[in-house]
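Taken in order, the sequence shown gives residues -22 to -1, 1 to 137; the numbers are from mature numbering (1 follows the signal peptide of the UniProt record, and there is no 0). Glycine included, C-beta positions come from ideal geometry on N, C-alpha and C. All values derive from a computational prediction rather than experimental measurement. Step one of this worksheet: look at the structure below.
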Amino acid sequence: MNALKKCALLSLCLLLVAGCSATSSGSADKSGAVKAEAAAKASGKENSAVKADLDKTARDLVSRAGRTVVPNKAKPTIRKQGKQYVATYVDVDMNSIHTGMRAGQTKSTPYIGIIEYIENTYECKGATRAAARAYTDCRAVKTRNMKELIRHDGKKWQF
């Protein structure tokens, strides 16, 4: 029981000390609030510039993904299915790009960027290989939601 009383007394002392330090006011607190407000405004401008840079980087990254994806429209995978040939290729939807930004966990990574886009897989059918590559009878057979995480090093986005 004695240990319980000591614990309760210690808790009360801690609450009193914390309450006194929280209620103290002075010019230092006011200047700190002004500095915090100014930093928030500057941070808002910085965040919008970093976000704009993220959008540009996202377009570049997704464009690169569209050029390097395999099989693509220039070099599809062609297979025979029954009496028909089927050409399969992947295309990146450039209109589906969405970006997001979060605060990083370290000083060297102040921001984490999230880039989302869609990859569509198409199948085109034809009686011959050339007819399948003519891309006249095509349909989307699969949609893949892609999510890329990149980091900002304080100067530019790294991927």
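Per DSSP, residue 123 forms a beta bridge with which residues? 96
When DSSP labels each residue in this structure, what does residue 70 get in the three-state scheme? strand
Return the CA-CA distance between residue 83 and residue 41, expressed in angstroms with no decimal places. 29 Å
Length of the line joining the Cα atoms of residue 66 and residue 48: 10 Å
Beta-carbon proximity of residue 98 to residue 114, cut-off 9 Å: no
Please state the DSSP three-state secondary structure of residue 103. strand
Please list, in chain order, all residues of the same chain as residue 56 whose beta carbon is under 8 Å from its beta carbon, the five residues on each side excluded. 63, 64, 65, 66, 107, 110, 111
Simplified DSSP assignment, three categories, for residue 110: helix
Boundaries (first-last residue) of the beta strand (DSSP E) holding residue 83: Looking at the DSSP string, residue 83 is not in any beta strand (DSSP E), and its letter there is neither H nor E.
7 Å CB neighbourhood of residue 76 in its chain, flanking five on each side removed: 94
Where do the N-terminal and C-terminal ends of the beta strand (DSSP E) with residue 51 fall, by residue? Residue 51 -> no beta strand (DSSP E), and no H or E assigned at all.
Tell me the rounded alpha-carbon separation between residue 96 and residue 71. 6 Å
Less than 7 Å between C-beta atoms, sequence neighbours within five positions excluded: which residues of the same chain meet that for residue 32? 77, 79, 91, 135
Can you have a look at residue 119 and say buried or exposed, based on whether 16 or more other CB atoms are within 10 angstroms of its CB? exposed
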